[in-house]
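Have a look at the structure below before the remarks.
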Amino acid sequence: MPSDETRVVITGFGVVSSIGSGRADYLAGLRAGRCGARPITAFDTAGFDHATACELTGFDPASVLERVDARTSGRVAALAAAAARMAAADARLPLESARAEHGLVAVGTTCGESLEVDRLAEAEVADGLDALPGGAARAVQPGRLATTAATELGLTDVETLTIPTVCAASNYAIGYGLDLIRAGEAGFALCGGADTVNRMAFAGFYRMGALAPDRCRPFDRDREGVMWGDGAGMLVLESLAHARRRGAPVLAEVLGYHLNCDAAHPTAPVRERVAACMSGALAEAGVAPAELDAVFAHATGTRANDPMEVGALREVFGAAPLPPVLGVKSMIGHTMGAVGAHTCAAALLAMRHGFLPPTVGFRVPDPDCVIDCVPNAARPADVGLVLVNSLGLGGNNAALVLKEAP
Amino acid sequence: MTAEDGNVVVSALAVVSPLGIGTGPFTAAVRAGRSGDGGPVTGLDADPDFAPTRQVRLYERASALAVGTVAKLLAGGRLAAVPAGRRGIVLGSGLASIDTFMGVSTASLTGARPYHVDHKRVPAAVMNYTSAQAAIKFDLRGPNVTVTAGRVSGLTALGYGKRLLDAGRAGAVVSGSFDELTPRRLAIEAAAGRASSAPAEGCCVFLLESARAARDAGRTPLAEVLSCTAGLFPAPDEAADVLAGVAGRALERAGVRADDVRLAVPGGPAGGPLADREAEVLKRLVPGVRTADPGAVVGDTAGAAAGFQAAAALALPAAGLTLLTALDPDGQVGCAVLRVA
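Which chain is which? The protein sequence lines are A and B, in order.
Read left to right, the first sequence gives residues -18 to 387 (the numbering used here).
Read left to right, the second sequence gives residues 190 to 530 (the numbering used here).
Structure follows, in structure tokens:
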């Protein structure tokens, strides 16, 4: 049996998203089934026939940052730092004592400091490589997402790393924190991810025909693809004993984690491997699939992903019926490296407030995705045990099992 | 891993550097204490390990470099006895993929339509491309991780790999670091005020497994990985204190005393204030100890640099107990203690 020193719990989170930033606004957004889709402003979209994304509006990272200067840090680093600041406050983590023990700050990402990389590309096109702007050149080191988040909290006795394992990256960061705390190597961990809508990802996926023109509609028969989203999410992890010693609010326990790789194709996921990843997380948690109250699915809303993921779940569940399987990307968009943390935060709120966040934008059931996706409206429910699934380009899979606070 | 499995060990390494393909030229240069001017790796075109295949397209040079180096590491079916689902990989780099990212962005900005980009290159524009390509090529279906922490990335990957093994999440892990030399990288470094006098590219990868797994496979460990620790300095004048703390904890975790250290391999960027501070800390902590300088041998390999530090320790005969220290101008600090055979 694991001891309270090796049981790992989540004691707080910080969320910055297009449907609401901070615990109260994010909760309100999830409950209302808000959708953050709006016309893109991050870059000039002239020439695209459609250009919609779940962009962040009305949130200024400078409003929460105390040490980091958002004007020079880069937008993504500022969002990661803001989410870290909010997470520490949410967990009532006393920074003086956190500074005195060894910790971890791990930030997942897909595109890194993407708007600054796009800015370098613009400078290259305009003036060649000899006149790149120094600020952008300094900001694009992706390792800075994690160092900036740690710097915001004044932490120096921390390992900082950025995990660019694309759309599964948050779950990788959380899993690494889990392992470090279990091993007694870190007293606490701030783990999550950050990304912003950018030209490269938009143009690339537009070219692939993988982007939805107006809304992301997971599991809908007429779904048209992904919708990118902005944001950051960070969770505070610590051992149950550590949380109890400092009287921290425990939101949930991280019961199980698994990561694996398809090792098959750069863009097409492999159902069997996705199923093996989810089964691995459940096995580590010691949980039977039928015990789950909900699956917070990857649910990108592409033609290929959603039936693959439902098929993988059927493989995991065997004869047992599937619980509700929902897709928060329908509300916040695909926030890439942040989406795992965003999804975990949604699951934590679902547990605490007794509801299932909806899959919005849903119109017509798909015979290839026969599930209860909690269509369009949040639903009251007892949510005690959930699976949070994620996968990324390159066949990188990572799944977490979370259990309501003990 | 259980206690009977023993420590995590390095049971193989492969190196590709401006000195040549394969570990031999690097090892010879380190042993002879030769200095080099860095530069590109040459001869990739003539070696099929670095060539694209139908499944593994290697759209970026960095990926070709790294996947080819992993091919050298795993040559002769070295992982054949490890089930595919237990084979992990953790690769670190500083800025790999940024060349392709900027290539896609510039195509979007200059094409007749902003979506006239080569969509096949999009997966290579994000940083996990290389580890994913390696997984496909060598059927590595276990943990597949990409990490980045600037110049410290090689030690970050080593620590992550060790912890995957400690936690029982893999039976064997390929861990390493790589970076490529491109006009865009050089321009970014120059604009950031971080131009190097001897920019270089390369890749070092290590096979990590438990001592017992190595023994069962008939592999003689090259080194035990006793500890990996890390920290962060918010401003350069705090670098020395933070490094001293991180190095001290590395020794403590390893269960050894500073007096026992026989080799120190520093990794601060050459010729700058960070390297001076690192030298001061080492002078205080392990006075008079033998040192190695892989940066002088291969040049400034940026995000690959820390991998070359570990490789240098393995290259020296009877290196013994070794302390690796690495710093990045962005504040990351990493240390590792190896007991080199």
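Every residue, glycine too, gets a C-beta built ideally from N, C-alpha and C.
Nonlocal neighbours in the same chain, by C-beta distance under 6 Å from residue i, ignoring five residues either side
i             : result
residue 86/A  : 127, 130, 131, 139, 141, 171
residue 348/B : 417
residue 501/B : 219, 454, 481, 483
residue 38/A  : none
residue 339/A : 14, 355, 357, 358, 359
residue 117/A : 97, 100, 101
residue 10/A  : 0, 1
residue 331/B : 274, 275, 276, 277, 359
residue 206/B : 215, 391, 487
Beta-carbon contacts of residue i that lie in its chain and below 7 Å, excluding the five residues immediately before and after
i             : result
residue 163/A : -13, -11
residue 368/B : 251, 282, 283, 284, 285, 390, 490, 491, 492, 493
residue 377/A : 146, 147, 149, 242
residue 474/B : 433, 436, 447
residue 49/A  : 59, 62, 129, 132, 133
residue 462/B : 425
residue 161/A : 85, 167, 170
residue 22/A  : 36
Strand pairing of residue i, partner residues [DSSP]
i             : result
residue 238/A : 381/A
residue 84/A  : 139/A, 169/A
residue 317/A : None; residue 317/A has no bridge partner.
residue 405/A : Residue numbering for chain A in the displayed model covers -18 to 387; residue 405/A lies beyond these limits and cannot be assessed.
residue 360/A : 337/A
residue 341/B : Paired residues: none, contrary to the question.
residue 521/B : 421/B
Closest by C-alpha distance to residue i, when choosing among the options
i             : options                    : result
residue 210/A : 318/A, 265/A, 202/A        : 318/A
residue 361/B : 527/B, 196/B, 469/B        : 196/B
residue 382/A : 261/A, 166/A, 216/A, 76/A  : 261/A
residue 34/A  : 47/A, 0/A, 50/A, 10/A      : 0/A
residue 333/A : 311/A, 363/A, 168/A        : 363/A
residue 254/B : 266/B, 486/B, 235/B        : 235/B
residue -3/A  : 18/A, 40/A, 17/A           : 40/A
residue 238/A : 257/A, 226/A, 253/A, 266/A : 266/A
residue 56/A  : 179/A, 208/A, 298/A, 344/A : 179/A
residue 169/A : 45/A, 185/A, 156/A         : 156/A
residue 429/B : 518/B, 451/B, 388/B, 485/B : 518/B
residue 247/B : 270/B, 320/B, 299/B        : 320/B
residue 347/A : 374/A, 291/A, 375/A, 176/A : 291/A
residue 311/A : 160/A, 279/A, 72/A         : 279/A
residue 186/A : 64/A, 123/A, 223/A, 281/A  : 281/A
residue 176/A : 277/A, 289/A, 89/A         : 89/A
residue 229/B : 370/B, 392/B, 222/B        : 370/B
residue 280/B : 36/A, 143/A, 70/A          : 143/A
residue 442/B : 346/B, 526/B, 244/B        : 526/B
residue 523/B : 496/B, 388/B, 198/B        : 496/B
residue 46/A  : 232/A, 26/A, 68/A, 344/A   : 68/A
residue 198/A : 136/A, 159/A, 288/A        : 288/A
8 Å CB neighbourhood of residue i in its chain, flanking five on each side removed
i             : result
residue 373/B : 287, 288, 291
residue 194/A : 30, 31, 33, 205
residue 296/B : 305, 306, 307
Chain B contact residues for residue i, given Cβ-Cβ distances below 7 Å
i             : result
residue 187/A : 304
residue 125/A : 519
residue 29/A  : 303, 304
residue 91/A  : 315
residue 147/A : 315, 317
Partners in chain B for residue i, counting only beta-carbon separations shorter than 8 Å
i             : result
residue 241/A : 274, 330, 331, 332, 333
residue 50/A  : Neighbours of residue 50/A on chain B: none; closest Cβ ~13 Å, over 8 Å.
residue 121/A : 284, 287, 377
residue 254/A : 330
Beta-carbon neighbours of residue i, restricted to chain A and to distances below 7 Å
i             : result
residue 423/B : 132, 137
residue 290/B : 98, 181
residue 279/B : Near residue 279/B there are no residues of chain A at all, since even the closest Cβ is about 10 Å away, more than 7 Å.
residue 355/B : 164
Contact belief for residue i with residue j at Cβ below 8 Å, rounded distance in angstroms
i             : j             : result
residue 324/A : residue 309/A : 5 Å
residue 303/A : residue 366/A : So it is not a contact: roughly 14 Å between Cβ atoms.
residue 293/A : residue 255/A : 4 Å
residue 66/A  : residue 133/A : 5 Å
residue 200/B : residue 410/B : 5 Å
Residues that residue i contacts on chain A, provided the C-beta gap is smaller than 9 Å
i             : result
residue 388/B : Near residue 388/B there are no residues of chain A at all, since even the closest Cβ is about 14 Å away, more than 9 Å.
residue 372/B : 110
Under 8 Å by beta carbon: chain A residues contacting residue i
i             : result
residue 312/B : 247, 248, 374, 375
residue 293/B : 181, 184, 185
Within chain B, partners of residue i - CB distance below 9 Å
i             : result
residue 106/A : 294, 295, 298, 299
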